[in-house]
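Protein chains in written order, with the numbering used here: chain A, 1 to 181; chain B, 1001 to 1165. Heads up, the beta-carbon is just placed ideally off N, CA and C, and yes, glycines get one too.
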Amino acid sequence: MNIRNAPPAPSATDLPASVQQMIGAAMYEEETEFPIEIGYVYNTCAAVQNANPIFWDAAVAEAVTGGPIAPPTMMSVWFRPHHWAPGATGERKALQTHFDLKELLDLPEAVVASNVAVFGEPVRPGDRLTTCQIVRSIGPLKQTKLGLGRFWTIDVETTNQRGEWVGTEIYTMLGYRRPEQ
Amino acid sequence: MSTTTFRSLPGITAAEITAGQQLPPLRHPVSATTIVLGALASRDWRPMHHDKDFAVERNGVKNIFINTPNNAAWFERYITDWTGPKGRLGRLRFEMKKSVFPGDEMCFAGVVRELATDAAGCHWVDLDLTISVDGEVRTTGHARVAVPGDPTDNPWTRKGERWMP
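Shown next, in the form of structure tokens:
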């Protein structure tokens, strides 16, 4: 399913081969650490005082959404690692392809230029979700206010255990080098 | 599915919406508890969202502040307060220009930018959103939400090619 309004911009032609081959490839596939649970749904709704009855009233949920669901904006919540787990070592980064690009393109600084979340099939208690990261485009080197850098776009696509599309987060980043660097 | 229950639920339909229409404002006072509840509910354990000393000394800000996924949850609540439970969020984009801290009062505002019906017959509303504190815009956002075309229509039943957010 095409969730974009327009095709991604063509990428720059001066990219190293190691970077070029990342474009369009699904990377860092990862499954949620636990099945989706209703407790986090209640915690989230309570935190923002969201009284939407599809999250609180089983009869309404059945009538509207065919049973309980999680708020769509919780999509990224399900992939955040536990603060601690047995045997865990080091810090895991949420958007590893972004950090890979910074390193491979030798652009030590980066900021998020924009972030769009697009929501598909609702997430339900008991679901197991899978995510992967896809670099969609990498722009040419250009001079920005922050320094010389490139814009790149990464999609984080999420599917459920039935292979249905759950949503996509589209990150546009500016990787750059400060003038003094 | 209980048709009676579904039809009796409150909510807005596309026929009741016009471009330029303003959403009812929402005001909410923010405390440290507000911020910590939101951070932990979104599994965001980073200390700047629960540890004031860290936020001040490492981030150079005056206090802990609302985290990004919780900001999304606030926008979702604001939108569906207006649409009712049949409203289904399709797309959300926002930019946190300045942080929201304990002691602030968030004021949510929204305006209908555009209405459209797609090829599958889904009724879409595009919204421009803001969160302001003391008249200063702290966050701007844009959302696309599906609303029923009539009281029997249910955007949540759309799947596959019938759901094009």
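Note on geometry: alpha-carbon atoms of Pro-1047 of chain B and Arg-80 of chain A lie some 15 Å from one another. By the Cβ neighbour-count rule, Pro-1148 of chain B is buried, with 16 or more other Cβ atoms within 10 Å of its own.
Comparing C-alpha distances from Lys-1098 of chain B to each of B:Val-1137, B:Tyr-1078 and B:Trp-1074 shows the shortest one belongs to B:Val-1137.
With a 10 Å radius around the Cβ and a threshold of 16 neighbouring Cβ atoms, Gly-1090 of chain B comes out buried.
Runs of the alpha helix (DSSP H) spanning 4 or more residues and lying entirely within the region 88 to 147 of chain A occur at 96 to 104, in chain order.
Minimum Cα-Cα distance from Ala-113 of chain A among the listed residues A:Trp-152, A:Ala-70, A:Glu-37 and A:Thr-97 corresponds to A:Trp-152. Assignment of Ser-1008 of chain B by DSSP, reduced to helix, strand and coil, places it in the helix class. Phe-119 of chain A and Thr-32 of chain A have their C-alpha atoms roughly 17 Å apart. In the structure shown, the three-state DSSP call for Ser-1099 of chain B is coil. Straight-line measurement puts the Cα of Glu-109 of chain A at about 6 Å from the Cα of Gly-175 of chain A. Rounded to the nearest whole angstrom, the C-alpha separation of Asp-1081 of chain B and Gln-20 of chain A is 45 Å.
Cys-1122 of chain B places its beta carbon 9 Å or farther from that of Pro-1085 of chain B. When only Cα atoms are considered, Leu-1092 of chain B and Thr-168 of chain A end up about 11 Å apart. Residues of chain B with a Cβ closer than 8 Å to the Cβ of Gly-120 of chain A are, in chain order, Trp-1163 and Pro-1165.
When the five nearest sequence neighbours on each side are left out, the beta carbons in the same chain lying within less than 8 Å of the beta carbon of Met-74 of chain A are those of Tyr-40, Val-41, Thr-44 and Val-123, in order along the chain. Close to chain A, meaning a Cβ-Cβ distance shorter than 8 Å, are the following residues of the region 1035 to 1053 of chain B: Leu-1037, Gly-1038, Leu-1040, Ala-1041, Ser-1042, Arg-1043, Asp-1044 and Trp-1045.
Interface residue (Cβ-Cβ distance to chain A less than 9 Å): Glu-1105 of chain B is not classified as such. Between Arg-1043 of chain B and Gln-49 of chain A, the gap from beta carbon to beta carbon reaches 9 Å or more. Under DSSP, Met-27 of chain A takes part in a beta bridge, and its partners are A:Gln-133. Along the region 1143 to 1162 of chain B, the positions whose C-beta sits under 9 Å from a C-beta of chain A are Arg-1144, Asn-1154, Trp-1156, Thr-1157, Lys-1159, Gly-1160 and Glu-1161, read in chain order. Within the region 1077 to 1092 of chain B, the residues whose Cβ lies closer than 7 Å to some Cβ of chain A are Arg-1077, Thr-1080, Pro-1085, Lys-1086, Leu-1089, Gly-1090, Arg-1091 and Leu-1092, listed in chain order. Taken through DSSP and simplified to helix, strand or coil, Met-173 of chain A comes out as strand. The residue from B:Ile-1066, B:Ala-1041, B:Val-1112 and B:Arg-1144 with its alpha-carbon nearest to that of Pro-1165 of chain B is B:Arg-1144.
Residue environment for Thr-1034 of chain B: buried (at least 16 other C-beta atoms within 10 angstroms of its C-beta). If you ignore the 5 residues before and after Thr-1013 of chain B, its C-beta comes within less than 7 Å of the C-beta of Val-1147, Pro-1148, Gly-1149, Asp-1150 and Pro-1151, all in its own chain and listed in chain order. The CB of Asn-52 of chain A comes closer than 7 Å to the CB of Thr-1080 and Pro-1085 in chain B, given here in chain order. In the DSSP assignment, Asp-1128 of chain B falls outside any alpha helix (DSSP H) and within the unbroken beta strand (DSSP E) covering 1123 to 1133. Straight-line measurement puts the Cα of Val-116 of chain A at about 20 Å from the Cα of Ser-11 of chain A.
Classified as buried, Pro-72 of chain A has 16 or more neighbouring CB atoms from the shown chains inside 10 Å of its CB.
Between the C-alpha atoms of Phe-1101 of chain B and Lys-1052 of chain B there is a straight-line separation of about 10 Å. The beta-bridge partner set that DSSP reports for Cys-45 of chain A is empty.
Neighbours of Arg-80 of chain A across chain B, judged by C-beta separation under 9 Å: Ser-1042, Arg-1043, Asp-1044, Trp-1045 and Pro-1069. Listed along chain B, no residue sits closer than 9 Å to Tyr-28 of chain A by beta-carbon distance, the nearest being about 18 Å off.
Checking the DSSP bridge columns, you'll see Gly-1141 of chain B partnered with B:Phe-1094 and B:Leu-1129. Per DSSP, the beta bridge partners of Gln-1022 of chain B are B:Val-1111.
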